[in-house]
Amino acid sequence: MSTAYDLVLHGGTVVTPAGRAQLDVGVIAGRIAALGQLSKAPAAERFDATGLHVLPGVIDTQCHFREPGPTHKEDLGSGSASAALGGVTGFFEMPNTTPSTDSAERLAWKVQRARDTSWVDFAFYLGATSENAEQLAVLEQGEGVCGIKLFCGSSTGTLLVDKPADQLRVFSSGRKRVACHSEDEARLKERKPLFEGQSVHAHPQWRDEECAVKSTASILQLARQANRKVHVLHVTTAGELPLLEANKDLASFETTPQHLTLAAPECYDRLGTLAQMNPPIRDARHREALWEAVRSGLLDVLATDHAPHTLEEKARPWPQSPSGMPGVQTLVPVMLTHVSDGKLTLERFVDLTSAGPARLFGLRRKGRLAVGFDADLTLVDLSARRTITNAWSKSRCGWTPFDGFAATGWPMATVVRGRVVMRDGALVGAPAGLPMAFDP
Ligand code: DOR
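This is the structure:
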């Protein structure tokens with residue numbers, strides 16, 4: 001008697017660690033139970049994936065979903081819906097909410113809220129403070145914790161640990177990866193008055209390359225001293241790359257689709273403060289250096305730093321305008337367009353958005369299409385030509401920096417642990433996301 005599957009996805013081109021193959025995917029109890037020819041196997045549900053590529057679920061490892069606190073910009077429900085519509089099956093969420101996620105109680109609140117409202121699977125960073133530094137080793141064992149977030153330079157919210165002695169206390173407590181917002185706070189403070197009265201074009205000059213390089217050099221040294229795994233978030237400069245390469249045994253890093261796609265000054269001419277984020281979008285020299293890190297294999301992960309602010313907030317004159325832009329929904333079409341343009345392979349995309357996150361953060365049962373792994377699937381049409389619009393964007397902020405972007409390659413369905421949550425641009429079913437599990 002043949003096995004009865006809960007779901008069989010048939011006819012698609014499946015991207016496995018061994019390469020692309022015409023395989024059907026059989027799912028039982030949320031996990032991949034078989035990869036093979038399953039046309040005759042009994043199944044409760046069948047999904048015709050003909051013409052589509054079936055990728056391991058895309059995980060966005062840097063999102064700000066604003067809950068609790070400024071939920072007029074986003075919440076875990078709207079942010080995760082945006083993720084599902086964009087083909088993203090899981091997200092890691094940042095602690096700079098109000099209040100910050102810096103205690104076991106606040107973490108548990110978020111996990112429960114996400115269990116109730118998230119469309120996709122989730123994990124949370126714990127925010128490091130100079131007060132909780134010694135407790136991080138215990139706190140990081142909480143349910144759904146992907147790692148520690150350390151703001152070395154200030155951005156949105158109040159989290160900041162800028163003194164090297166305090167940063168070392170953070171690196172010395174616990175084992176999970178410490179993800180750093182790496183900009184040198186002293187240099188940020190010192191240089192801000194130099195740009196008074198200027199426009200957003202000065203954003204990358206104020207928060208300049210030296211700000212990032214100085215901070216990254218310092219945190220790499222502290223991480224080495226504490227022998228702690230460190231992850232440098234949204235790397236934006238050519239100057240940080242040799243430092244990261246020299247410390248590859250301990251340090252991983254991320255960049256964003258925005259930093260690979262947009263460049264100064266054009267993005268500020270066209271988008272004004274909508275292009276303002278921290279660390280900034282810089283000129284084409286830096287963008288090219290980041291692409292080289294994609295090509296060479298140096299870059300570990302791509303994440304979006306999805307950081308929505310309303311149009312009204314963004315309309316304040318720089319630098320009162322808040323930094324950040326949405327991104328979780330546009331990650332897949334923007335990057336598949338780069339795949340179509342020959343800038344990276346589909347396999348490298350999978351490595352950066354699924355296998356990479358699983359490898360770095362010790363995610364259990366995620367990051368590859370293999371028997372026994374969670375049936376998290378991002379189904380894409382590599383040849384679909386569509387235009388990204390504000391109207392398509394589900395983020396509560398109601399806009400995207402990619403409005404008008406002509407994409408080649410589009411997410412057609414999102415499957416989380418065998419449940420179809422998005423198909424042909426519409427959400428399906430109800431939110432049933434679960435906390436992701438990590439190796440201790
Ligand atoms: O531009 C940014 N906005 N960078 C960050 O690191 C924080 C984020 C936010 O929360 O708005």
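Its first residue numbered 1, the sequence shown is counted upward by one per residue in my numbering. C-beta atoms are modelled at their ideal positions from N, C-alpha and C, and glycine is treated no differently. Here the structure is a predicted model, which is why all the values come from computation and not from measurement.
- Close CB contacts of residue 127 within its chain, under the 6 Å cut and outside five residues either way in sequence, are with 95, 100, 101, 102, 149, 159 (chain order).
- The shortest CA-to-CA distance from residue 408 to any of 28, 16, 346 is the one to 346.
- In this structure, residue 371 places its C-beta atom within 8 Å of the C-beta atom of residue 35.
- Three or more pairs of CB atoms, one per stretch, sit closer than 8 Å, so the stretch 251 to 271 contacts the stretch 189 to 209.
- Each residue's CA atom was taken as its position, placing residue 129 and residue 136 some 9 Å apart.
- Cβ contact annotation for residue 247 (same chain, cutoff 6 Å, sequence separation greater than five): 220, in chain order.
- Pairing residue 270 with residue 327, the inter-Cα distance amounts to about 18 Å.
- The beta strand (DSSP E) runs lying completely inside the stretch 323 to 388 and spanning 3 residues or more are 377 to 387, given in chain order.
- Contact between the stretch 301 to 309 and the stretch 250 to 262 is present, with at least three C-beta pairs closer than 8 Å.
- Put simply, the stretch 370 to 387 touches the stretch 408 to 427. At least three CB pairs are less than 8 Å apart.
- The beta carbon of residue 82 sits closer than 6 Å to the beta carbons of 328, 329, 394, 395 from its chain, once the five residues preceding and following it are set aside; these are given in chain order.
- About 5 Å separates the Cβ atoms of residue 356 and residue 300, confirming a contact at the 8 Å cut-off.
- By the C-beta density criterion, residue 295 is exposed, having fewer than 16 other C-beta atoms within 10 angstroms.
- In the structure shown, residue 252 adopts extended strand secondary structure according to DSSP, grouped into three states.
- A Cβ-Cβ distance of about 5 Å is found for the pair residue 44 and residue 6, placing them in contact under the 8 Å criterion.
- Burial is judged here by how many other beta carbons sit within 10 angstroms of a residue's own beta carbon; residue 227 has fewer than 16 and is exposed.
- Remark: the C-beta of residue 303 is outside contact range of the ligand DOR, defined as less than 7 Å to any heavy atom.
- When secondary structure is reduced to three states using DSSP, residue 228 falls in the coil class, being assigned neither helix nor strand.
- Counting along the chain, no alpha helix (DSSP H) covers residue 179; the unbroken beta strand (DSSP E) around it starts and ends at 178 to 181.
- The C-beta distance from residue 178 to residue 231 rounds to 7 Å, short enough to meet the 8 Å contact threshold.
- Not one heavy atom of the ligand DOR is found less than 7 Å from the C-beta of residue 242.
- Its chain contains 183, 207, 212, 234, 236 as the residues whose beta carbon lies nearer than 7 Å to that of residue 279, once the 5 sequence neighbours on both sides are disregarded; these appear in chain order.
- Relative to the Cα of residue 176, the nearest Cα in the group 185, 65, 361, 23 belongs to 361.
- With respect to residue 121, residue 436 sits close: the two C-beta atoms are nearer than 8 Å.
- Residue 149 sits in a strand when the DSSP states are folded into three classes.
- Taking C-alpha positions only, residue 399 is separated from residue 391 by approximately 8 Å.
- In this structure, the alpha-carbon of residue 225 lies about 40 Å from that of residue 314.
- Judged by beta-carbon spacing, residue 374 lies within the 8 Å limit of residue 417, meaning their Cβ atoms are closer than that value.
- The Cβ-Cβ distance between residue 133 and residue 162 does not fall below 8 Å.
- The DSSP assignment places complete alpha helix (DSSP H) segments of no fewer than 4 residues inside the stretch 3 to 89 at 76 to 85, in order along the chain.
- For residue 324, the Cβ falls inside the 7 Å cut-off from some heavy atom of the ligand DOR.
- Considered as a whole, the stretch 283 to 329 harbours 284 to 296, 311 to 314 as its complete alpha helix (DSSP H) runs of no fewer than 4 residues, in chain order.
- Rounded to the nearest whole angstrom, the C-alpha separation of residue 309 and residue 38 is 46 Å.
- Closer than 7 Å to some heavy atom of the ligand DOR: that describes the Cβ of residue 157.
- Setting aside the 5 residues that flank it on each side, residue 422 is surrounded in the same chain by 84, 85, 413, 414, 428, each with a C-beta closer than 7 Å to its C-beta; the list follows chain order.
- Residue 406 counts as exposed, since fewer than 16 other C-beta atoms from the protein chains shown sit within 10 angstroms of its C-beta.
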